[in-house]
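Down below is the structure, laid out as structure tokens.
Protein chains in written order, with this note's numbering: chain A, 1 to 159; chain B, 1001 to 1159; chain C, 2001 to 2159; chain D, 3001 to 3159.
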């Protein structure tokens, strides 16, 4: 992540690069691995989903409640994952979540899986908001858009 | 399976032993294995569930339709699994399903995973019928009980 | 769990009941659920495995290291699970691990899944120790048996 | 798929469009779904993997044998998946596999999940060949490249 200090005055700052992304720690268990001795590729999408769920919860939104109270669900419409290094049993990974733009019809996130400073997998994930029963597209509620835009905003320089 | 010929006259024959159990073929893929190089223990329950679904379908009951039309679901209330030999990538297994008694409040099944004649895992599974939304117990519909009892009945001797 | 104070003098105390069992917190994510709206039955075995792994780690044994250094793996040979109440998305569960006897050829554990004080699933799990490549049975190393027996021993009364 | 007849003389034909892609049928079971009532997004990568395995097997390459005999494994290095429509319990899907170019350092595939003619998910998958133990890159063996290029070649016009 480029520190804010490195960005010259007057430049447009890609918002998500000015704040540390949300991160969530996960442990690799037997269930995550395959006979190749490493984490099965599909399972990174599980790890990314867990981190997104915790990110939404940290912003104030439990998904079960979102469904019960508003009849809404987030669904993934597009994923791109680049697998860089394999993760193994007992590894402890950091999974990051960073919105890459203000949410509109969809919500675009960048997510990474890291072991220490080593990048293991890097992803672009697009979510949409739908009605729980019918999967018809719905606007992302303002109550959610607000905190996400807040999370995107450049933070004041530290001491 | 004890062949019918080996059962002395007058004995009570456990019904499920007089007919070949239903069987379903499954292939072992990377997703099923773990870093031990073999099928992860929890995944046998997935294989058993697939075979039960195909068994119900063969009896005339798709579970999505059972839910849509009758508002009913089967849930597992008890499982016992003995793991005998590991299964590996690319193995083709036979998963059997045999009711062990006429269904009453619950439905008791015996299920096995075999590679050829080699027993890999052996299980006793108990299912109950519940209302889809509330999980309140419901009677197993007669339309399902009938075919299962039919499957239990000793078949007439072949030519 | 019966508190130690309730056990009369001179009785033989089932060891595992005199100490609080090891427990591990897990969150229920989308990956754990199925179209019934609850946790898929096979996935409880994943939660139980995670808790066992953390229990072994707390006793000083990482399984990847056990495999690298000693060429040993634990495998499950028998499981019995009773499913009492369904768990749902966003639930936070406590998964317990308690050895029920000193380990010999096998290691017998009782594991439960609880939401608060509500029992959701209750299990008896038997593990054996095998050579990583061949799956041939091996004695559980004394370095592991010792701490488990220590965990079984009644603890001195608190202040 | 554009029929070969529609391609004017002299044009460069994207090879994969001139032959029907390999396809593999899969059934959706409870294990594949989540509490949203549809197939969990990560599980499409399992379905794609199963189809790739069957495609390799149809070309003459079992992956367990590839590993035992040659010490080689295929690993996924990049995936892009667009989720178009949800799949549901009991659906029977067709999963396609089509190489999009002659294999070089990597093997690029297009894979789709369809229910009848309805596209549910569309993916671009890149595989690399590695040494099983070390994950060091290795050339894709000619014995595999040959049949894949053969599969890419335009087929002679039918009767």
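Ideal Cβ placement from N, Cα and C applies to all residues, glycine included.
Distance from the CA atom of residue 119 of chain A to the CA atom of residue 105 of chain A, rounded to whole angstroms, is 30 Å. Contact between the segment 41 to 48 of chain A and the segment 1036 to 1055 of chain B is absent: fewer than 3 CB-CB pairs across the two stretches fall below 8 Å. Secondary structure at residue 87 of chain A: coil, using DSSP grouped into helix, strand and coil. With a beta-carbon spacing of about 11 Å, residue 3027 of chain D and residue 3094 of chain D fall beyond the 8 Å limit used to define contacts. Buried is the label assigned to residue 3037 of chain D, since at least 16 other Cβ atoms lie within 10 Å of its Cβ.
Contact annotation: residue 2031 of chain C and residue 46 of chain A have beta-carbon atoms nearer than 7 Å. Secondary structure note for residue 2144 of chain C: its alpha helix (DSSP H) is the uninterrupted segment 2142 to 2152.
Boundaries of the alpha helix (DSSP H) around residue 70 of chain A: 63 to 70. Shown here, residue 2053 of chain C sits in a helix according to DSSP, grouped into three states. Non-local beta-carbon contacts of residue 3103 of chain D in its own chain, meaning distances under 7 Å to residues more than five positions away in sequence, involve 3140, 3145 and 3148 in chain order. Relative to residue 1021 of chain B, the option among B/1135, B/1114, B/1087 and B/1077 whose CA is nearest is B/1114. C/2086 is the residue among C/2098, C/2086 and C/2048 whose C-alpha sits nearest the C-alpha of residue 1135 of chain B. Out of C/2073, C/2150, C/2097 and C/2117, the CA that lies nearest to the CA of residue 2125 of chain C is found in C/2097.
Residues of chain A whose Cβ lies closer than 7 Å to the Cβ of residue 2049 of chain C are, in chain order, 29, 30 and 31. Contact between residue 82 of chain A and residue 121 of chain A holds, since their C-beta atoms are separated by about 7 Å, short of 8 Å. Taking C-alpha positions only, residue 58 of chain A is separated from residue 2080 of chain C by approximately 37 Å. Only 2088 and 2089 from the segment 2085 to 2111 of chain C bring a Cβ to less than 8 Å from some Cβ of chain D.
For residue 2035 of chain C, the nearest CB of chain D lies under 7 Å from its own CB, placing it at the interface with that chain.
Under DSSP, the beta-bridge partners assigned to residue 3033 of chain D are D/3039. A/91 is the residue among A/127, A/91 and A/110 whose C-alpha sits nearest the C-alpha of residue 116 of chain A.
DSSP, read as helix, strand or coil, puts residue 45 of chain A in helix.
The Cβ of residue 1053 of chain B sits closer than 7 Å to at least one Cβ of chain D. Under the Cβ criterion of 7 Å, residue 3135 of chain D is counted among the residues facing chain A.
If the five residues before and after residue 65 of chain A are omitted, its C-beta is found closer than 6 Å to no C-beta atom of its own chain. By DSSP's assignment, residue 3026 of chain D forms a beta bridge with D/3093. Shortest Cα-Cα distance from residue 89 of chain A to any of C/2067, C/2035 and C/2152 involves C/2067. In this structure, A/143 is the residue among A/143, A/35 and A/101 with its C-alpha nearest to the C-alpha of residue 72 of chain A.
In summary, residue 1099 of chain B is buried, with 16 or more beta-carbon neighbours lying within 10 Å of its beta-carbon over all protein chains present.
Excluding its 5 nearest sequence neighbours in each direction, residue 3084 of chain D has C-beta neighbours in its own chain below 7 Å: 3119, 3120, 3121 and 3122, listed in chain order. Secondary structure at residue 132 of chain A: coil, using DSSP grouped into helix, strand and coil.
Boundaries of the beta strand (DSSP E) harbouring residue 2110 of chain C: 2106 to 2115, taken from the DSSP string.
Rounded to the nearest whole angstrom, the C-alpha separation of residue 1061 of chain B and residue 2023 of chain C is 41 Å. Shown here, residue 3058 of chain D sits in a helix according to DSSP, grouped into three states. The contact set of residue 2077 of chain C on chain B, defined by CB atoms closer than 9 Å, consists of 1082, 1083 and 1084 in chain order. When the beta-carbon positions are compared, residue 1034 of chain B and residue 77 of chain A stay at least 7 Å from each other.
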